[in-house]
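*Asks:*
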Amino acid sequence: MPSSKKARIGASYKGSQPSKKGLAGKKGKAHGARKSATASGSGRRKIRMPHPATPAKEWVTVHLRTPAGEVTTLQSSKDFQRAAAQWSYILCNRRRWNTSESAREEQIQRCQTELDKLGIKRDHLRGIAESDVVEVAVPFTSEEDGWEARVFPWEYMLSAATRPFRQGKALTVIRHLQRQTKAAHNKKPEKLLIIESAPGELGQQYTFDSERHLVESSLGLRHEIITDGTRQSVGAKITGYAPDVIHLSGFDTNQAVTLGVLNVEEVLDGYLLTGDPGVDPVEAKDLARLLNAAARKPALVSCNIFYSAQRVSSLIVAEGAGAAIGFQDEFEDALTELFFDSFYEAWRRFNWDTLEAFKYACNLLKQQPQRLMGTGVVLWSAQSLVKPQSEASERVRTDLLTEKKKVITVEDLHGRDARKLLSVEVKTCNNLNYSTLHNNCELFEKFMLRKEKDPPGCVNDIQVDVVLYVGGESSRYSGSVDMAESSRDLNKDIRVPLFYSIDFLNNENVHTGLFVEVSWQKQLLHRQTYRVTLPPIDEWRGNDAERVWLPSFVLPRDPAVSKIVDVAQAYVMALRDDSSAGFDGYQAVDAGADKPYDGVDQQVRALWAALLYNMNISYINPPPTYNIASQRLRTPSEIINGRRGTCIDLALLLAACLEYVDIFPVIFLFKNHALPGYWRSDKFQNDFKKVAEGFQTPIPPAGEKKGDLSTVQRWPWYHGKNAYQEIMQEVANLRIVPMETVGITQRSGYLYSVGEGIKKLENKDGDERFSFEAMIDIMQARDSLITPIPRR
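Numbering (this note's numbering), first residue to last: 576 to 1367.
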């Protein structure tokens, strides 16, 4: 179940060495990177939303039903289209706001308000809350008609809005696609087809062995497998074999773009097959027809790929399948394994009752720790599934839950090797960058425990030991794990104490060992020592996966920062014409003055003057590094004592000074350059947070080119390319001020540096060096506990 993403090529932030005529650029060196890009979520995701000028008579009517009967109906509209686009965006940006219980409560209120506008009132929500399942029935005539009802994130919206009325009771949301034609399906599935596709270089990075075994053992059906098939081979197999169940594994087209194996301007939802040559992105419509190629249509198609809920799964049902399962956006490996293992086993045990199996599997997901992130497992069905729960279904559910509570011992294996019951899959990170470990990132790329179904039950007290060796010292994790489900992801649990006392961590790469041992009841399951590399503590990686940790290199407590502020004290008194003036941050904002933010600007100018006139800093290239897409960053003390720095060194230096005096800094990242900026008011920064969350994101008018409505941004302080227009609006409104700090090395004044900063951001000449990548908000990072790394 590959959900990891390789980062695209990163670049060294050597910056731009200014010439005597101004700030002429000097291009940085590009390096390849093969680390996961999931962390930053910087892959660009576009939801295909046709915005037709639909006459009122073509709006669709959506029905909400529970087993007790119809709750309400609502008519699609222009306002419905706006809500579908906006809330899809908001949900994909959930990591910006899903940070606390109070934030989630605020979001519940927004959901209720939005649903009320669409026609789902509080009484309707109470009616839904009384049931354990609600079905959203959406008519289908063509993909263009009623798209808003299929795109709308019903699962989240209805679950969140009914939460205050459910008193902890689970609610499952399903979707019924009311198509115009009927199709024949086997009531009892007999044949399974597993389609696995990792074409080209992807096949060297990912395997489907564990997923294949899970599907085969859970369903127990006669099965065949297609690996890296083409359109022709997949179509021929489906036509001849006529499978009742199809399980689709691999990569959606959006993820393929992020991984760099597919290069297109605008990507439409679909699935990656093998092409001739290379890869073949099969668009959702074509994929739906391909999977329904047989005369007898599949009873179920499971799409274990990202972004498969809105178009891929719905169109598969529209083309004839009895039901389809997809995911609204990204989903973690551990969750997908848990879901499909639970769903398939329950489906078989429930005598192929799709609704009961889906409810069972979804409820298991909801019981998992919140740190396992994933939104919107979506079930589309061709027939309405809502019905009262039967006594037989309740007995099966009770049996399943009872089996999971039985404790397995070594005696239950009857002499079998314990490794036949429990398997361990470990994949280490080749480089353990200090800043990522400092910010609670994973020590491994993968650390999975898996349990076979025979014998059924839970396995308690699995011992896990991990030791990282550095010189003559070691850093250890020891823990005990209980497993009731088929798989357990330990990657989020394993953490080791960080070394700082080791002097050579500040010097060069250290090649060392990472020891892993897993055992159960004195039975050894896994023991191995892996070779890993510890880069220097000052190394930062500018690739998509790890650039988000740049705030940890902003060091306001470095002794050089207080020295700069001391020197700047005289300048701030002169600029403010006040002998008692000091650095009071945003207390200097005077709302009643003609220029209310002059007091903030004067503090920044004072810091700039101290750096410009007293520190005598020159430009220099970065220190040598031996890891791809990496750069070693100087501390403020190293810059001031050595009187040299790169563009990003100087940006971090000024940002540290601003943070020290409680003025909120940001850092702008370009393809090969970096420069800082600052918010002129804390209120401006707070207002921008709401824009970044997506609450004010409009849908494009009909006929205009569609925007990047749902770029996934996992980190609230990291504002990527999709936020560029909003950022430039803040600059234009004089709410945020960019500064070209390389100008310090050319003795350029404050106003000139601001002008150059704006020019870089506007980049009207299309200079590749200044292609905008992101804005990183340092104080937002601090709010998320992204703290400075310990440096001498």
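Beta carbons: idealized from backbone N, C-alpha and C, even for Gly. Here the structure is a predicted model, which means the values were calculated and not measured.
Counting only runs of 3+ residues fully inside the segment 894 to 954, write out the beta strand (DSSP E) ranges in chain order.
*Replies:* The segment 894 to 954 contains, as complete beta strand (DSSP E) runs of 3+ residues, the segments 898 to 902 (chain order).
*Asks:* Do Phe655 and Glu730 have their beta-carbon atoms positioned less than 8 Å apart in this structure?
*Replies:* Counted from its first residue, the sequence shown places residue 730 at position 155. Counted from its first residue, the sequence shown places residue 655 at position 80. Remark: C-beta atoms of Glu730 and Phe655 do not approach each other more closely than 8 Å.
*Asks:* Give the DSSP-derived three-state secondary structure of Asn1308 in the structure shown.
*Replies:* Taking the sequence shown and counting its residues from 1, one reaches residue 1308 at position 733. Residue state, collapsed to three classes: coil.
*Asks:* Restricting to Cα atoms, I'd like to know which of Ser677, Glu718, Cys667, Val709 is closest to Val635.
*Replies:* Residue numbering aside, residue 635 sits at position 60 when the sequence shown is read from its first letter. Answer by Cα proximity: Glu718.
*Asks:* For Lys934, count neighbouring Cβ atoms within 10 angstroms of its own Cβ and tell me buried if that reaches 16, exposed if not.
*Replies:* Translated into positions along the sequence shown, residue 934 becomes position 359. Burial call: buried.
*Asks:* Cβ atoms of Gln1038 and Ser1055: under 8 Å apart, would you say?
*Replies:* Residue numbering aside, residue 1055 sits at position 480 when the sequence shown is read from its first letter. Residue numbering aside, residue 1038 sits at position 463 when the sequence shown is read from its first letter. A contact, by the Cβ cut-off of 8 Å.
*Asks:* Residues in its own chain within less than 6 Å of Asp1036 by CB, not counting five upstream and five downstream?
*Replies:* Locating residue 1036 in the sequence shown gives position 461, where the first residue counts as 1. The residues are Ser1055.
*Asks:* Determine whether the beta carbon atoms of Gln1206 and Gly1117 lie at a separation below 8 Å.
*Replies:* In the sequence shown, residue 1206 corresponds to position 631, counting from 1. In the sequence shown, residue 1117 corresponds to position 542, counting from 1. Cβ distance < 8 Å, so Gln1206 and Gly1117 count as in contact.
*Asks:* Taking the beta strand (DSSP E) that Gln661 belongs to, which residues open and close that run?
*Replies:* Counted from its first residue, the sequence shown places residue 661 at position 86. Looking at the DSSP string, Gln661 is not in any beta strand (DSSP E); the run it does join, the alpha helix (DSSP H), is 653 to 667.
*Asks:* Take Gln1321 as the anchor and find which of Leu1187, Lys1138, Arg679, Ile813 has the nearest alpha-carbon.
*Replies:* Residue numbering aside, residue 1321 sits at position 746 when the sequence shown is read from its first letter. Taking only the C-alpha atoms, the option nearest Gln1321 is Leu1187.
*Asks:* State the Cα-Cα distance for the pair Lys763 and Trp922, rounded to the nearest angstrom.
*Replies:* By 1-based counting over the sequence shown, the position of residue 763 is 188. By 1-based counting over the sequence shown, the position of residue 922 is 347. One C-alpha to the other measures close to 11 Å.
*Asks:* Given a threshold of 16 other Cβ atoms within 10 Å of its Cβ, counted over all protein chains shown, does Pro1273 qualify as buried or as exposed?
*Replies:* Within the sequence shown, residue 1273 is the residue found at index 698, counting from 1. Model confidence at Pro1273 stands at a pLDDT of 32, short of 50, so the residue's coordinates are unreliable and nothing is read from them.
*Asks:* Given this structure, state the Cα-to-Cα distance separating Pro630 from Asp720, to the nearest angstrom.
*Replies:* Taking the first residue of the sequence shown as position 1, residue 630 is located at position 55. Taking the first residue of the sequence shown as position 1, residue 720 is located at position 145. Below a pLDDT of 50, predicted positions are generally treated as unreliable, and Pro630, at 44, falls in that range; no measurement from the model is reported.
*Asks:* Among Arg1051, Thr1003, Ser1061, which residue has its Cα nearest to the Cα of Leu1024?
*Replies:* Numbered from its first residue, the sequence shown carries residue 1024 at position 449. Comparing Cα positions, the closest option is Ser1061.
*Asks:* Report the partner residues of Ser883 according to the DSSP bridge assignment.
*Replies:* Translated into positions along the sequence shown, residue 883 becomes position 308. Ser883 pairs with nothing; no bridge assigned.
*Asks:* Quick one: is Ser1155 buried, meaning 16 or more other Cβ sit within 10 Å of its Cβ, or exposed?
*Replies:* Walking along the sequence shown from the start, residue 1155 turns up at place 580. Exposed, since its Cβ has fewer than 16 Cβ neighbours within 10 Å.
*Asks:* Quickly, what does DSSP pair Pro1251 with across the bridge? List them, please.
*Replies:* As a first step, residue 1251 is located in the sequence shown; it is residue number 676 there, counting from the start. Beta-bridge pairing links Pro1251 to Ile1242.
*Asks:* Indicate the three-state DSSP secondary structure (helix, strand or coil) for Phe826 in the structure shown.
*Replies:* The residue you call residue 826 lines up with position 251 of the sequence shown. In the three-state scheme derived from DSSP, where H, G and I count as helix and E and B as strand, Phe826 is classed as coil.
*Asks:* Is it true that the segment 988 to 998 meets the segment 962 to 976, where meeting means three or more beta-carbon pairs spaced less than 8 Å apart?
*Replies:* no
*Asks:* I'd like to know if the segment 1305 to 1317 and the segment 1331 to 1340 are in contact, where contact means that at least 3 CB-CB pairs between them fall below 8 Å.
*Replies:* With the cut-off at 8 Å, the segment 1305 to 1317 and the segment 1331 to 1340 touch.
*Asks:* What runs of the alpha helix (DSSP H), each 4 residues or longer, lie entirely inside the segment 826 to 875?
*Replies:* 828 to 834, 859 to 866
*Asks:* Pull up the distance between the alpha-carbon of Ser651 and that of Phe715, whole angstroms please.
*Replies:* Numbered from 1 along the sequence shown, position 76 holds the residue referred to as residue 651. Numbered from 1 along the sequence shown, position 140 holds the residue referred to as residue 715. So the alpha carbons of these two residues sit roughly 13 Å apart.
*Asks:* Thinking C-beta only, is Leu847 closer than 8 Å to Thr828?
*Replies:* Indexing the sequence shown from 1 puts residue 828 at position 253. Indexing the sequence shown from 1 puts residue 847 at position 272. For Thr828 and Leu847, yes; Cβs fall inside 8 Å.
*Asks:* Please report the distance separating the alpha-carbon of Ser1256 from that of Tyr1161.
*Replies:* Your numbering for residue 1256 matches position 681 in the sequence shown. Your numbering for residue 1161 matches position 586 in the sequence shown. Distance between the alpha carbons of Ser1256 and Tyr1161: 6 Å.
*Asks:* Within 10 angstroms of its Cβ, does His1086 collect 16 or more other Cβ (buried), or is it exposed?
*Replies:* Within the sequence shown, numbered from 1, the residue matching residue 1086 stands at position 511. Exposed.
*Asks:* Using only the alpha-carbon positions, how far apart do Gly853 and Pro774 sit?
*Replies:* As a working note, residue 853 is residue 278 in the sequence shown. As a working note, residue 774 is residue 199 in the sequence shown. If you take the alpha carbons of Gly853 and Pro774, they lie about 7 Å apart.
*Asks:* Do Leu1065 and Phe1128 have their beta-carbon atoms positioned less than 8 Å apart in this structure?
*Replies:* Taking the first residue of the sequence shown as position 1, residue 1128 is located at position 553. Taking the first residue of the sequence shown as position 1, residue 1065 is located at position 490. Taking 8 Å as the cut-off, the beta carbon of Phe1128 is found no closer than this to the beta carbon of Leu1065.
*Asks:* Can you tell me whether Ser1193 is buried or exposed, with buried defined as 16 or more other CB within 10 angstroms of its CB?
*Replies:* Working through the sequence shown from its first residue, we reach residue 1193 at position 618. Label assigned to Ser1193: exposed.
*Asks:* Spell out the partners DSSP gives Met1350 in its beta bridges.
*Replies:* Taking the sequence shown and counting its residues from 1, one reaches residue 1350 at position 775. Its beta-bridge partners are Phe1243, His1294.
*Asks:* Can you check which of these residues, Val809, Glu765, Thr782, is closest to His798 by C-alpha distance?
*Replies:* On the sequence shown, position 223 is the one that residue 798 refers to. Residue Glu765 holds the alpha-carbon nearest to the alpha-carbon of His798 among Val809, Glu765, Thr782.
*Asks:* State the DSSP-derived secondary structure class of Phe1090, mapped to helix, strand or coil.
*Replies:* Within the sequence shown, numbered from 1, the residue matching residue 1090 stands at position 515. Of the three classes helix, strand and coil, the one that applies to Phe1090 here is strand, per DSSP.
*Asks:* Starting from the C-beta of Ala831, find all residues in its chain whose C-beta is less than 6 Å away, skip the five residues before and the five after it, and write them out in chain order.
*Replies:* Counting from one through the sequence shown, the residue named residue 831 turns up at place 256. Within the same chain, Ala831 has close Cβ partners Leu837, Leu847.
*Asks:* Which of the three DSSP states, helix, strand or coil, is assigned to Thr737?
*Replies:* Taking the sequence shown and counting its residues from 1, the one referred to as residue 737 is at position 162. Of the three classes helix, strand and coil, the one that applies to Thr737 here is helix, per DSSP.
*Asks:* Are Pro1131 and Glu1234 touching if we call contact CB-CB under 8 Å?
*Replies:* Numbered from 1 along the sequence shown, position 556 holds the residue referred to as residue 1131. Numbered from 1 along the sequence shown, position 659 holds the residue referred to as residue 1234. Taking 8 Å as the Cβ cut-off, Pro1131 and Glu1234 qualify as a contacting pair.
*Asks:* Count the other CB atoms, across all protein chains shown, that sit within 10 Å of the CB of Gln684; report buried if there are 16 or more and exposed otherwise.
*Replies:* Residue mapping note: residue 684 aligns to position 109 of the sequence shown, counting from 1. Its Cβ having fewer than 16 others within 10 Å, Gln684 is exposed.
*Asks:* By DSSP, does Phe1158 sit in helix, in strand, or in coil?
*Replies:* Position 583 of the sequence shown holds residue 1158. Coil at Phe1158, not helix or strand.
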